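A.B. asks:
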Amino acid sequence: MNKIIISLVVVLAFFVSVSTVSAASPKCATIQGGTITDSKGNVLQPGFDKYGYNYQAHIFDGYVGNYSRPAVLVTSGDKLVMKWSDSWIANVDCNGDHKLDRGLVDGVVSGISKGWETNHYVGSYVDADGNTQNYTDFIKIVWVGAGGDLWGQYHVLQEVYNDTGSGNYRFKDGAPGFGLNDQWTTN
Numbered sequence: 031m032n033k034i035i036i037s038l039v040v041v042l043a044f045f046v047s048v049s050t051v052s053a054a055s056p057k058c059a060t061i062q063g064g065t066i067t068d069s070k071g072n073v074l075q076p077g078f079d080k081y082g083y084n085y086q087a088h089i090f091d092g093y094v095g096n097y098s099r100p101a102v103l104v105t106s107g108d109k110l111v112m113k114w115s116d117s118w119i120a121n122v123d124c125n126g127d128h129k130l131d132r133g134l135v136d137g138v139v140s141g142i143s144k145g146w147e148t149n150h151y152v153g154s155y156v157d158a159d160g161n162t163q164n165y166t167d168f169i170k171i172v173w174v175g176a177g178g179d180l181w182g183q184y185h186v187l188q189e190v191y192n193d194t195g196s197g198n199y200r201f202k203d204g205a206p207g208f209g210l211n212d213q214w215t216t217n
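Residue numbers (my numbering): 31 to 217.
(1) Using a Cβ-Cβ cutoff of less than 6 Å, which residues in the same chain neighbour residue 167 once the five nearest sequence positions on both sides are dropped?
(2) Who does residue 173 pair with in a DSSP beta bridge?
(3) Assuming the contact rule is C-beta atoms closer than 8 Å, residue 107 and residue 94 should be a hit. Round their C-beta distance to whole Å, please.
(4) Counting Cβ pairs closer than 8 Å, one from the segment 64 to 72 and one from the segment 131 to 138, do we hit at least three?
(5) For a minimum of 3 consecutive residues, which ranges assigned as the beta strand (DSSP E) are wholly contained in the segment 94 to 167?
(6) Once DSSP output is grouped into helix, strand and coil, what is the label at residue 63?
(7) Can residue 123 and residue 59 be called in contact, C-beta distance under 8 Å?
(8) Could you give the distance in angstroms between the alpha-carbon of residue 112 and the alpha-carbon of residue 169?
(9) So if DSSP puts residue 192 in a beta bridge, which residue, or which two residues, is it bridged to?
(10) Do you know offhand how far residue 202's Cα is from residue 185's?
(11) Shortest alpha-carbon distance to residue 87 belongs to which of 98, 181, 74?
(12) If you measure between the beta carbons of residue 119 and residue 130, is that distance less than 8 Å?
(13) Nearest-angstrom Cα distance between residue 197 and residue 149?
(14) In terms of DSSP beta bridges, what is residue 83 paired with?
(15) Quick check on residue 102: buried or exposed, where buried means 16 or more other Cβ atoms within 10 Å of its Cβ?
(16) Leaving aside the five residues before and after residue 62 along the sequence, list all residues of the same chain whose C-beta is less than 7 Å from its C-beta, in chain order.
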């Protein structure tokens with residue numbers, strides 16, 4: 031009998047704690063709900079769109095020319111893979127503006143992309159001698175707050191560039207990983 035009472039108390043305590051946590055969580059719209067739109071007003075869908083964005087997975091994988099969602103779809107050229115953290119661009123709308131939230135940290139939306147993003151370019155070009163040359167450029171960007179050296183609030187933590195035609199090779203390593211401290215700020 032004691033085991034049954036203890037089991038019931040444990041189960042009841044679990045349900046009370048779950049309902050308390052659920053009540054404290056903000057009600058955010060999801061991509062699957064069909065109410066979140068892109069910059070052109072199109073409803074976002076799960077999976078990759080025609081440009082190369084998969085907002086649910088925090089990735090763009092497509093042609094460089096399609097990152098801005100042009101009216102005429104780019105079908106050739108250099109490729110770009112972007113990945114980002116939830117606090118850069120979330121995959122939910124918690125502030126009710128029908129857009130993906132930027133700067134969503136601990137349930138609060140700041141409207142400023144925080145966190146990190148990576149860009150990986152892969153392309154080719156024809157040099158002056160008519161030879162096809164290849165290049166790659168990988169960049170890690172993080173939000174650092176006011177005073178950042180990129181766009182006033184961001185910093186390039188790492189860049190690796192290789193170019194077979196020019197022989198150029200660049201490597202910049204500012205800090206390991208993606209962060210300096212809590213939420214990548216320097217404050």
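C-beta: ideal position from N, C-alpha, C; glycine also.
Remember, predicted model here, so these are calculated numbers, not experimental data.
C.D. replies: For this structure:
(1) 151, 191
(2) 184
(3) 6 Å
(4) no
(5) 109 to 114, 146 to 156
(6) helix
(7) yes
(8) 10 Å
(9) 166, 199
(10) 12 Å
(11) 74
(12) yes
(13) 21 Å
(14) 90
(15) exposed
(16) 76
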